[in-house]
Ligand SMILES: Nc1nc2c(ncn2[C@@H]2O[C@H](COP(=O)(O)OP(=O)(O)OP(=O)(O)O)[C@@H](O)[C@H]2O)c(=O)[nH]1
Ligand SMILES: Nc1nc2c(ncn2[C@@H]2O[C@H](COP(=O)(O)OP(=O)(O)OP(=O)(O)O)[C@@H](O)[C@H]2O)c(=O)[nH]1
Ligand SMILES: [Mg+2]
Ligand SMILES: [Mg+2]
């Protein structure tokens, strides 16, 4: 009756290895081991871990409420190269297919060919893009796009922003300004702000989520590049502690490579 | 600084004067935590700790007057020592010398092409940037704008076949008296067999003297799988670690070097074309140790 895996160093280290190699991080791994150390065997420990992880992911949600008479504005933020621009194209395609009148805003006015990149997607999808010149204030482009979306009764406006490190105070302030300027038009804007996190990144995803969330309210996470071999476990401490739901998963470079996040499937992929 | 950070770990041990082997093991567990939190790969951490443990016991730490201090010193030195072996210069062979940038999507290859050109210009090399990524929307235009910023040559592709570009560009470079060709390639997953095969073919055609694996400095545990695959498939000649201007600890540096044995030649520290630095093992070691 007093059989417990706590006495079995091999089982404990096997469980630790799975979680640590999945980028869970030391903190939450230790908490989870502590939680299951009195399990009678490895299998029941894993079952308990899986239901715990699923419950974390299911404990937060984002209720999307489409407004009448004004566009639904979604802002995409995140560090450099994670997949913001590509994710916008994917979401634009699927929302347009669902009958929405979609518009894009090219608010990355800094990086080489960022505007051209979004323009190519807008042409392929036949959705309009509001843009400005390189070096111009991204907030002014967002403002112009929102006004145009309202005037021409667009259902949805997707805002692409420049990649920025959360450690760069000026760039974080620039992002805050985009949100602030939108609020001036309508206190609801933007109704949704998504942070894109790269699944192959380690513990720094936690710092990214923390710092971005302390700058502007985050509605949810898009977990990109899960088609690689990384497990994306850094989202567990993020969802548990910051209470930001994972809404989408990106599984490739094509326009259709995006799915609604499925907590059960995700946890199964880590403990198959 | 790391000496004081690690010293915290051993402060409680120091007050004991002499360490028991148990105390030492506790200290090493703490170091394991520090390295894991720095994104060093799990297996790499275990191997590193074993090596350090051997050194520590070999140096009769348990009988020293200041064991905590000594262990801190050994851990730091061991890390600097390992990473130090990873430091090497860019290698040029052939006229023109061909440098190829490869790696995962979004790691910073295209941006790095410009930074590399600016760095090599200072060494009097005449560089031309070659856009072999014809698939990502705007990639050719992106490299073109970067070439303008860097004020270096740009190869205007007349095909969207990356292999044809790799074949033609060196000849055009030679005719126009460029001595260095920097080929930017499409981001690809290490598990994408088709694209990895394409890269192998491109290497056969262009015969680069440098095959530089450009990796995101914030990469987590998967760094070993990614680097191992790129190295085994393509026999990379070096690594460039990017985005180290953030607060990622950079444990990927130790992971990647441990699994490939290939040198880390440069690091990216920002988005500007001048934001590239030499790889300093002691600085990265301090950063990893927090
Ligand atoms: N394999 C894979 N690649 C992806 C995914 N999402 C985006 N990418 C690729 O990642 C690279 C970067 O994507 P972008 O959309 O330009 O990323 P970004 O966040 O807008 O980048 P910056 O604007 O430069 O900060 C491109 O090569 C994309 O094709 C994904 O889910 N899987
Ligand atoms: N902060 C910072 N950003 C960087 C660094 N290197 C590149 N970037 C940014 O990272 C993003 C991706 O850079 P790219 O050069 O487009 O990456 P890539 O590897 O060519 O991407 P793909 O071609 O899609 O695989 C851009 O926003 C760059 O400005 C760096 O050292 N620091
Ligand atoms: Mg972008
Ligand atoms: Mg590129």
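Protein chains in written order, with the numbering used here: chain V, 1 to 272; chain S, 1001 to 1290. Glycine is no exception: its CB is placed at the ideal position from the N, C-alpha and C atoms. All figures in this text were calculated on a predicted structure; none of them were measured in a lab.
Closer than 8 angstroms is the cut-off here; do at least three beta carbon pairs connect the region 199 to 216 of chain V with the region 1212 to 1220 of chain S?
yes
What are the partner residues of residue 220 (chain V), as DSSP defines its beta bridges?
Per DSSP, V:194.
Neighbourhood of residue 240 (chain V) by C-beta distance below 8 angstroms, restricted to the same chain and skipping five residues each side:
28 and 56
First and last residue of the alpha helix (DSSP H) that includes residue 1198 (chain S)?
Segment 1193 to 1206, the alpha helix (DSSP H) holding residue 1198 (chain S).
Identify the contact partners of residue 23 (chain V) in chain S, using a Cβ-Cβ distance below 9 angstroms as the criterion.
1039, 1220, 1221 and 1222
What are the start and end residues of the beta strand (DSSP E) that includes residue 1218 (chain S)?
Membership of residue 1218 (chain S) in any beta strand (DSSP E) is not indicated, and neither H nor E is assigned to it by DSSP.
Within the continuous beta strand (DSSP E) that includes residue 72 (chain V), where are the two ends?
72 to 77
CB of residue 111 (chain V) to nearest heavy atom of ligand 6: below 8 angstroms?
As for ligand 6, it is missing from this structure, which binds only ligand 1, ligand 2, ligand 3 and ligand 4.
Which residues share a DSSP beta bridge with residue 273 (chain V)?
With chain V represented from 1 up to 272, any question about residue 273 (chain V) goes unanswered, as that position is not in the structure.
For ligand 3, is there a heavy atom less than 8 angstroms away from the beta-carbon of residue 277 (chain V)?
Given a span of 1 to 272 for chain V in the structure shown, any question on residue 277 (chain V) remains unanswerable.
Identify the contact partners of residue 1248 (chain S) in chain V, using a Cβ-Cβ distance below 7 angstroms as the criterion.
204
Look up residue 1140 (chain S) in the DSSP assignment and say whether it is helix, strand or coil.
Reduced to three states, the DSSP call for residue 1140 (chain S) is helix.
Is any heavy atom of ligand 4 found at a distance shorter than 8 angstroms from the C-beta of residue 1142 (chain S)?
yes
Taking the alpha-carbon positions, what's the residue 1066 (chain S) to residue 1289 (chain S) distance?
When rounded, the separation of the alpha-carbon atoms in residue 1066 (chain S) and residue 1289 (chain S) is 20 angstroms.
Taking CB distances under 9 angstroms as the criterion, tell me whether residue 53 (chain V) reaches chain S.
no
Interface positions of the region 97 to 118 of chain V facing chain S (Cβ-Cβ less than 9 angstroms), listed along the chain
110, 111, 112, 113, 114, 115, 116, 117 and 118
When burial is assigned at 16 or more other CB atoms within 10 Å of the CB, is residue 64 (chain V) buried or exposed?
exposed
Do you know whose CA, among V:60, V:35 and V:62, lies nearest residue 50 (chain V)'s CA?
The candidate whose alpha carbon is nearest that of residue 50 (chain V) is V:35.
Boundaries of the beta strand (DSSP E) in which residue 58 (chain V) is found, first to last residue
Looking at the DSSP string, residue 58 (chain V) is not in any beta strand (DSSP E); the run it does join, the alpha helix (DSSP H), is 42 to 58.
Quick check on DSSP: helix, strand or coil for residue 1182 (chain S)?
strand
Residue-level contact to chain V via CB, residue 1157 (chain S), 9 angstroms cutoff:
It does not; no Cβ of chain V falls within 9 angstroms.
Can you tell me which of the three DSSP states residue 1044 (chain S) falls into?
In the three-state reduction of the DSSP assignment, residue 1044 (chain S) falls in the helix class.
Would you mind stating whether residue 1172 (chain S) and residue 1099 (chain S) have Cβ atoms separated by less than 9 angstroms?
no
Quick check on residue 1059 (chain S): does DSSP put it in helix, strand or coil?
Here residue 1059 (chain S) sits in coil by DSSP.
If I measure Cβ to Cβ from residue 219 (chain V) and keep anything under 6 angstroms in the same chain, skipping five residues before and after, which residues do I get?
62, 192 and 193
Under the three-state reduction of DSSP, which class applies to residue 151 (chain V): helix, strand or coil?
helix
Interface residues of the region 181 to 195 of chain V facing chain S [CB-CB below 9 angstroms]
none
Based on the DSSP secondary-structure assignment, which residues constitute the bridge partners of residue 1275 (chain S)?
DSSP lists no beta-bridge partner residue for residue 1275 (chain S).
Tell me which residues pass a beta-carbon proximity test against ligand 3: closer than 5 angstroms to any heavy atom, given in chain order.
V:84 and V:85
Neighbourhood of residue 226 (chain V) by C-beta distance below 8 angstroms, restricted to the same chain and skipping five residues each side:
199, 232, 249, 250 and 251
Taking just the CA atoms, how far does residue 125 (chain V) sit from residue 1195 (chain S)?
Taking the Cα positions, residue 1195 (chain S) is about 26 angstroms away from residue 125 (chain V).
Looking only at C-alpha atoms, which of V:210, V:33, V:215 and V:148 sits nearest to residue 174 (chain V)?
V:215
Should residue 1102 (chain S) and residue 1185 (chain S) be called a contact, given that it needs their Cβ atoms to be closer than 9 angstroms?
yes
Pick out whichever of V:187, V:244 and V:180 has its Cα sitting closest to the Cα of residue 211 (chain V).
V:244
Hey, is residue 4 (chain V)'s beta-carbon within less than 9 angstroms of any beta-carbon in chain S?
Cβ-Cβ to chain S under 9 angstroms: no for residue 4 (chain V).
How far does the beta strand (DSSP E) with residue 206 (chain V) in it extend, from its first residue to its last?
Run containing residue 206 (chain V): none in the beta strand (DSSP E); it sits in the alpha helix (DSSP H), 204 to 215.
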